[in-house]
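Residue numbers (UniProt numbering): 1 to 491.
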């Protein structure tokens, strides 16, 4: 049996025309020199079986000496051999945690070894590391002889950790591709969809939620749509495990019509999954669903007056720091909507990741530092993560960069949330004075839109083949993408 790693080393050595040093080999294959030295004895045996010699010269490195026919035989052997992939530690640990958080009972080490395609010794070493890091997540990994391993923790915390791990391993755009039966590329994505059998849950919830959102015109971003699907899937998988100590009723701030919509949606879920959500699970369901409803600013929704004051204070301090007028009804509305959901997530221990965090910190360094400073001051009692701060930066950056719109009709599709779409629209206006962004939509609402009314469709995720008007860009709109758009518009 040949591992993927061994195959890569063998192929690189066979293609090299000169001597290759251990340092060069390690750099090219992104391995450590120690790892390569450890693999060389097995690689030498494979070479010997095919009459190939691996020569070593001091200060030069190693080189393959072989006849063409022997190299052909070796290539055929590598293609026909049963290969197994050696997963990195981070992937193995994520898979182990996903399995343990999802299971309701003890899990044997043998199951974890099969999941991660590792030896029992490797899995036990992984579990030792995970046990040491567990307390910082307020969990404990227990082991029982003959039974295996189990995560002991608060039930809501377990659910939210499981949701966090799933979301961290499934990018928004990839998630919707997988739901459409496209091939799941990453190892962890395959594990979540196939081995943990979440695909059926995700697809059925997606169908029901998408139908409800479309029928009732509920405003929701792709990112929040994905989070809602994952949280509901975890709820249904772990139904009836909540104890009587939990209460979510105080967290709900919904208009009456929203409650009717959610009660109808709850009945649809119960029918689809042949289950009953009892009192505590119903409260939890309503809390989850309320997180991902876009609040209406028409006066129908009852607002949190303290949060409104904090948002106003946040904008005032930003204006003082940046010496620029930023306040507008749109900025107040967007910040309130984002922060109301973000603070509710933080309160319940839900962490959200921002795939553009480092780019935002780099490209908007001053605004990021300012936002971190004023948020720490205004929301001193909350632990707002760097990922959430980066999302808030986008609203301020869009306000700073806002410019007058003009006359080239465009539709913007953005999968990363309202803040990202606002920033992208602002960048487009700044770089292209002849663009009028008629509308911004999440990917899930593209099918309902009449596309003939637009001259160009600018999307942060690849769209279906055949859309000649579509152009894919990053939310930050790089210089190269600006040049690409200029060329396309020039045509």
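Beta carbons are placed, not taken as given, at the ideal position from N, Cα and C, and that holds for glycine.
Review point. What are the boundary residues of the beta strand (DSSP E) that residue 472 is part of?
Key: For the purposes of this step, residue 472 is identified with residue 472 of the chain shown, where counting begins at 1. In the DSSP assignment, residue 472 falls within the beta strand (DSSP E) that extends over 470-472.
Check your understanding: Across which residues does DSSP place residue 32 in a beta bridge pair?
Key -> Walking along the chain shown from the start, residue 32 turns up at place 32. In the DSSP assignment, no residue is bridged to residue 32.
**Study point:** Boundaries of the beta strand (DSSP E) in which residue 440 is found, first to last residue
**Key:** Within the chain shown, numbered from 1, the residue matching residue 440 stands at position 440. Per DSSP, the continuous beta strand (DSSP E) segment holding residue 440 begins and ends at 436-441.
Check your understanding: Of the choices 272, 362 and 432, whose alpha-carbon is the least far from that of residue 204?
Key -> If you number the chain shown from 1, residue 204 lands on position 204. Closest option to residue 204, Cα to Cα, is 272.
Review point. Which whole runs of the beta strand (DSSP E) in the region 4-85 are 3 residues long or more, in chain order?
Key: 53-57 and 61-65
Check your understanding: Candidates 193, 169 and 188: which alpha carbon is nearest residue 180's?
Key -> Within the chain shown, the letter at position 180 stands for residue 180. That would be 193, whose Cα lies nearest to the Cα of residue 180.
Review point. Which two residues bound the contiguous beta strand (DSSP E) that contains residue 142?
Key: The residue given as residue 142 occupies position 142 in the chain shown. Unbroken beta strand (DSSP E) run through residue 142: 140-144.
Check your understanding: For residue 222, does the count of other Cβ atoms within 10 angstroms reach 16, so buried, or fall short, so exposed?
Key -> Mapped onto the chain shown, residue 222 falls at position 222. Under this definition residue 222 is a buried residue.
**Study point:** Closest Cα partner of residue 443 within the set 121, 412 and 136
**Key:** Taking the chain shown and counting its residues from 1, one reaches residue 443 at position 443. If we check each option's Cα against that of residue 443, 412 comes out closest.
Exercise for review: Report buried or exposed for residue 227, applying the criterion of at least 16 other Cβ atoms within 10 angstroms of its Cβ.
Suggested key: Reading the chain shown from its first residue, position 227 is the one you call residue 227. Result: buried.
Exercise for review: For residue 18, count neighbouring Cβ atoms within 10 angstroms of its own Cβ and tell me buried if that reaches 16, exposed if not.
Suggested key: Locating residue 18 in the chain shown gives position 18, where the first residue counts as 1. Label assigned to residue 18: exposed.
**Study point:** residue 122 in three-state terms, based on DSSP
**Key:** For the purposes of this step, residue 122 is taken as residue 122 along the chain shown, with counting starting at 1. Helix, per DSSP.
**Study point:** Residues bridged to residue 409 [DSSP beta-bridge criterion]
**Key:** Here residue 409 corresponds to residue number 409 of the chain shown, with the count starting at 1. Paired residue(s): 436.
Point to revise | Through-space distance from residue 62 to residue 497, alpha-carbon basis | key: A question about residue 497 goes unanswered here, because the residues of the chain that appear run from 1 up to 491.
Point to revise | Closest residue to residue 69 among 474, 489 and 14 (Cα-Cα distance) | key: Within the chain shown, the letter at position 69 stands for residue 69. Of the candidates 474, 489 and 14, the residue whose Cα lies closest to the Cα of residue 69 is 14.
Exercise for review: Measure the CB-CB distance between residue 485 and residue 432 and report whether it falls below 8 Å.
Suggested key: Locating residue 485 in the chain shown gives position 485, counting from the first residue. Locating residue 432 in the chain shown gives position 432, counting from the first residue. It is a contact, given that the beta carbons lie within the stated cut-off.
**Study point:** Residues near residue 175 in its chain [Cβ-Cβ closer than 7 Å; skip 5 each side]
**Key:** Taking the chain shown and counting its residues from 1, the one referred to as residue 175 is at position 175. So the list reads 226, once near-sequence residues are dropped.
Check your understanding: Counting contacts by CB-CB distance shorter than 8 Å, is residue 226 in contact with chain B?
Key -> Absence of chain B from the displayed structure is noted, only one protein chain being present.
Review point. Just to confirm, are residue 322 and residue 425 a CB contact at a threshold of 8 Å?
Key: Translated into the one-based positions of the chain shown, residue 322 becomes position 322. Translated into the one-based positions of the chain shown, residue 425 becomes position 425. Their beta carbons are not under 8 Å apart, which means residue 322 does not touch residue 425 by this criterion.
**Study point:** residue 333 - DSSP class collapsed to helix/strand/coil
**Key:** By one-based count along the chain shown, residue 333 stands at place 333. Residue 333: helix per DSSP, three-state reduction.
Check your understanding: In whole angstroms, what separates the C-alpha of residue 488 from that of residue 475?
Key -> As a first step, residue 488 must be located in the chain shown, where it is residue number 488. As a first step, residue 475 must be located in the chain shown, where it is residue number 475. Distance between the alpha carbons of residue 488 and residue 475: 18 Å.
Review point. What residues are listed by DSSP as bridge partners for residue 214?
Key: By one-based count along the chain shown, residue 214 stands at place 214. Bridge partners of residue 214: none, in fact.
**Study point:** residue 360 versus 335, 398 and 306, residue with shortest Cα-Cα distance
**Key:** Here residue 360 refers to the residue found at position 360 of the chain shown. Checked all of 335, 398 and 306; the closest Cα to residue 360 is 398.
Check your understanding: In this structure, does DSSP put residue 220 in helix, strand or coil?
Key -> Position 220 of the chain shown, counting from 1, holds the residue named residue 220. If DSSP states are grouped into helix, strand and coil, residue 220 belongs with coil.
Exercise for review: Determine the contact status of residue 379 and residue 310, defining contact as a CB-CB distance below 8 Å.
Suggested key: Stepping through the chain shown from its first residue, residue 379 is reached at position 379. Stepping through the chain shown from its first residue, residue 310 is reached at position 310. Against a cut-off of 8 Å, the Cβ pair of residue 310 and residue 379 comes out as a contact.
Practice item. Alpha carbon to alpha carbon, how far is residue 211 from residue 124? Give it in angstroms, no decimals. Key: What you label residue 124 is simply residue 124 of the chain shown in a count that begins at 1. What you label residue 211 is simply residue 211 of the chain shown in a count that begins at 1. In a straight line, the C-alpha of residue 124 is about 45 Å away from that of residue 211.
Exercise for review: Kindly list the residues whose CB is nearer than 8 Å to the CB of residue 408, restricted to its own chain and excluding five residues on each side of it in sequence; keep chain order.
Suggested key: Counting from 1 along the chain shown, the entry for residue 408 is found at position 408. So the list reads 432, 434, 435, 436, 455, 456 and 489, once near-sequence residues are dropped.
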